[in-house]
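Trainee:
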Ligand code: MCA
Ligand code: AMP
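In the working numbering, the protein residues as written are 1 to 494.
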């Protein structure tokens with residue numbers, strides 16, 4: 001396999017990364033990452049305290065070059081979430097910005113401060129051999145319907161394949177300057193958003209923190225592509241009237257790409273009407289990286305996630321496991337589960353051989369996403385098989401994980417979690433609890449803080465309903481359908 005980032009060797013003077021007003025050329029990135037790679041020694045795995053920074057990007061490149069698998073961690077991870085990731089991935093090292101204050105829990109790991117020294121010697125680095133394509137590169141934690149998050153092991157092959165597929169679909173070149181403000185502990189922001197431009201020899205301009213003004217100024221200042229989750233495009237659509245500079249900025253971009261969750265048609269339309277540009281959607285998953293996209297040279301078809309990428313096989317399967325459309329019939333109104341296969345797929349769930357086996361159907365990965373397919377191959381996602389998964393702000397959140405934490409709160413006797421439609425976040429987390437003491441129920445804030453402190457702030461319930469009793473079926477199972485109904489049974493308050 002050719003090297004992962006040829007530009008580190010061939011384009012020394014081009015800007016590789018810009019975060020706010022700090023930037024690194026490819027030469028400087030090669031130097032900083034090379035020095036870091038040497039300091040990592042022969043660690044088995046390394047945690048990265050994944051702040052949205054140059055440091056995180058340098059550390060990931062260093063680990064990839066050193067062949068040491070990295071686990072990017074949300075720096076806002078709560079205690080339980082972090083404890084689980086550390087116990088499961090058993091890293092030897094934690095890499096962090098020098099100024100980062102790490103939780104005590106990480107005290108047992110060797111800490112490597114990430115130095116972004118621009119002037120180190122690059123000669124030894126340029127000659128370092130790279131590991132083989134199947135070597136694990138990244139382990140990204142992702143929530144399931146129940147239980148703690150699973151570590152998705154991604155190889156260098158999967159990363160290279162998905163990025164090269166996107167090069168083709170988006171005509172992504174070294175001249176592109178990608179703008180985004182995504183977090184760097186998930187596939188979207190890290191693999192597409194950092195490793196993507198580096199593989200092309202292009203430039204990333206990261207906003208450090210998403211804002212509509214930041215997008216306008218970065219796109220007006222040379223940005224050619226924008227990546228975002230639907231919440232970000234929704235906020236851009238909302239801001240169009242009050243921030244007129246957004247219109248020429250978005251109009252001037254070569255490509256506006258949305259992913260991680262469905263972009264509502266109203267936001268598609270508002271942005272297209274104001275700027276003349278169509279946001280295109282692509283569809284992926286931590287386990288599969290990217291599966292489909294609207295192509296830069298194709299028809300933008302809002303409401304679809306485009307067609308399968310060149311190396312991805314995609315099929316729809318009905319409830320009985322039968323392939324839909326195998327006989328060539330028009331199936332544009334038949335819904336089936338999306339299954340995929342190709343070099344973009346993950347290797348395994350870390351320490352979870354059972355879950356890995358279950359995730360596949362004879363070599364095809366079961367995504368759990370339900371879709372139809374237009375006659376010309378465009379895929380329309382219509383929902384998910386599991387109702388216990390919530391997508392909020394583009395983050396996947398398992399209801400079971402939050403329920404377990406709520407049940408640990410002394411003031412909560414019973415708990416259930418659902419998702420509710422949200423114009424900004426797509427969905428938000430709703431907690432339904434039966435208080436231990438009905439006369440002294442916990443406040444919304446107490447429960448939100450508890451979940452944020454144990455898991456992550458983005459998993460916190462935004463709405464809490466207090467009930468006298470949970471609606472249960474004859475087996476004692478909570479009937480979530482009844483909870484989510486507009487008039488829940490016997491609430492103390494709305
Ligand atoms: C509020 N905050 C709290 C609490 N309440 N902190 C601690 N405890 C509390 N109780 C803080 C938050 O931490 C945050 O702090 C601030 O309040 C506001 O947070 P929030 O309202 O939750 O969100 P937001 O800031 O409005 O963020 C919206 C967002 C974000 C920017 C769109 O959701 C986001 O970055 N989403 C991206 C998700 C993503 O990348 N998904 C990809 C995975 P502060 O203000 O200091 O920050 S999916 C994937 O990778 C697949 C492959 C794919 O297809 O892409
Ligand atoms: P994650 O597991 O966090 O990587 O999220 C993957 C899930 O995000 C997929 O299984 C889809 O349900 C959803 N997703 C990703 N991209 C899109 C999109 N463009 N439209 C709708 N849903 C999407």
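Glycine included, every Cβ here is placed at the ideal spot set by N, Cα and C.
Could I get the ranges of all uninterrupted alpha helix (DSSP H) runs contained in the stretch 314-391, with 4 residues as the minimum, in chain order?
Mentor: Within the stretch 314-391, the complete alpha helix (DSSP H) runs of at least 4 residues are 353-358.
Trainee: Quick one: any contact between the stretch 163-177 and the stretch 193-210, if contact means 3 or more CB pairs under 8 Å?
Mentor: As far as the Cβ criterion goes, the stretch 163-177 touches the stretch 193-210, which means the pair count is three or higher.
Trainee: Would residue 97 and residue 51 qualify as a contact pair, given that the criterion is a beta-carbon distance under 8 Å?
Mentor: Yes, the Cβ-Cβ distance between residue 97 and residue 51 is below 8 Å.
Trainee: Any heavy atom of ligand 2 closer than 7 Å to the Cβ of residue 262?
Mentor: For ligand 2, at least one heavy atom lies less than 7 Å from the Cβ of residue 262.
Trainee: In its own chain, which residues sit with a C-beta less than 6 Å from the C-beta of residue 208, not counting the 5 before and 5 after it?
Mentor: If we look at residue 208 and ignore the five residues flanking it on each side, its Cβ neighbours are 19, 20, 52.
Trainee: Just to confirm before moving on: does the CB-CB distance between residue 400 and residue 79 stay below 8 Å?
Mentor: Their beta carbons are not under 8 Å apart, which means residue 400 does not touch residue 79 by this criterion.
Trainee: Sort 148, 88, 107, 141 by Cα distance to residue 405 and report the nearest one.
Mentor: Out of 148, 88, 107, 141, 148 has the C-alpha closest to the C-alpha of residue 405.
Trainee: Which residue spans inside the stretch 408-462 form an unbroken beta strand (DSSP E) run of at least 3?
Mentor: The stretch 408-462 contains these whole beta strand (DSSP E) runs: 412-422, 426-435.
Trainee: Any idea what DSSP makes of residue 518, helix, strand or coil?
Mentor: In this structure the chain extends from 1 to 494, so residue 518 is not present and cannot be described.
Trainee: At the level of alpha carbons, what is the spacing between residue 161 and residue 193?
Mentor: Each residue's Cα considered, the two are about 15 Å apart.
Trainee: Could you check which residue in 317, 49, 61 has the C-alpha nearest to that of residue 6?
Mentor: Considering only alpha carbons, the answer is 61.
Trainee: From the DSSP output, read off the bridge partner residues of residue 141.
Mentor: In DSSP, residue 141 forms a bridge with 151.
Trainee: On the three-state DSSP scale, how would you describe residue 14?
Mentor: If DSSP states are grouped into helix, strand and coil, residue 14 belongs with coil.
Trainee: Counting C-beta neighbours from all protein chains within 10 Å, is the total for residue 281 16 or more, i.e. buried, or is it exposed?
Mentor: Buried, because 16 or more other Cβ atoms sit within 10 Å of the Cβ of residue 281.
Trainee: Who are the near neighbours of residue 214 in its chain, counting only those whose CB is closer than 7 Å to its CB and skipping five residues on each side?
Mentor: 181, 207, listed in sequence order.
Trainee: Report whether the distance from the Cβ of residue 465 to the nearest heavy atom of ligand 3 is below 7 Å.
Mentor: This structure lacks ligand 3; the ligands present are ligand 1 and ligand 2.
Trainee: How many whole angstroms separate the CB atoms of residue 418 and residue 483, which I take to be in contact at a CB cut-off of 8 Å?
Mentor: So it is a contact: roughly 6 Å between Cβ atoms.
Trainee: Considering only the beta carbon of each residue, do residue 372 and residue 380 sit closer than 8 Å?
Mentor: Yes, the pair counts as a contact, with Cβ atoms nearer than the cut-off.
Trainee: Short of 8 Å in beta carbon distance, which residues of its chain neighbour residue 134, apart from the five on each side in sequence? Order them along the chain.
Mentor: Contacts found: 155, 156, 157, 347.
Trainee: CB of residue 225 to nearest heavy atom of ligand 2: below 7 Å?
Mentor: Residue 225: no, Cβ never under 7 Å from ligand 2.
Trainee: Whose CA, out of 242, 478, 169, 285, lies closest to the CA of residue 416?
Mentor: It is 478.
Trainee: Residues in its own chain within less than 8 Å of residue 124 by CB, not counting five upstream and five downstream?
Mentor: Bear in mind that a pLDDT of 49 at residue 124, under 50, signals an unreliable position, so the model cannot answer this.
Trainee: In or out: residue 104 buried (at least 16 other Cβ within 10 Å) or exposed?
Mentor: Exposed, because fewer than 16 other Cβ atoms sit within 10 Å of the Cβ of residue 104.
Trainee: Could you check if residue 396 belongs to the surroundings of ligand 1, using beta carbon to heavy atom distance under 7 Å?
Mentor: True, at least one ligand heavy atom lies under 7 Å from that Cβ.
Trainee: Assess, as a yes-or-no matter, whether the stretch 334-348 is touched by the stretch 63-79 under the definition of 3 or more beta carbon pairs within less than 8 Å.
Mentor: Too few Cβ pairs lie closer than 8 Å, so no.
Trainee: Any chance you could list the alpha helix (DSSP H) runs of at least 4 consecutive residues sitting entirely within the stretch 40-104, in chain order?
Mentor: Runs of the alpha helix (DSSP H) inside the stretch 40-104: 54-66, 79-89.
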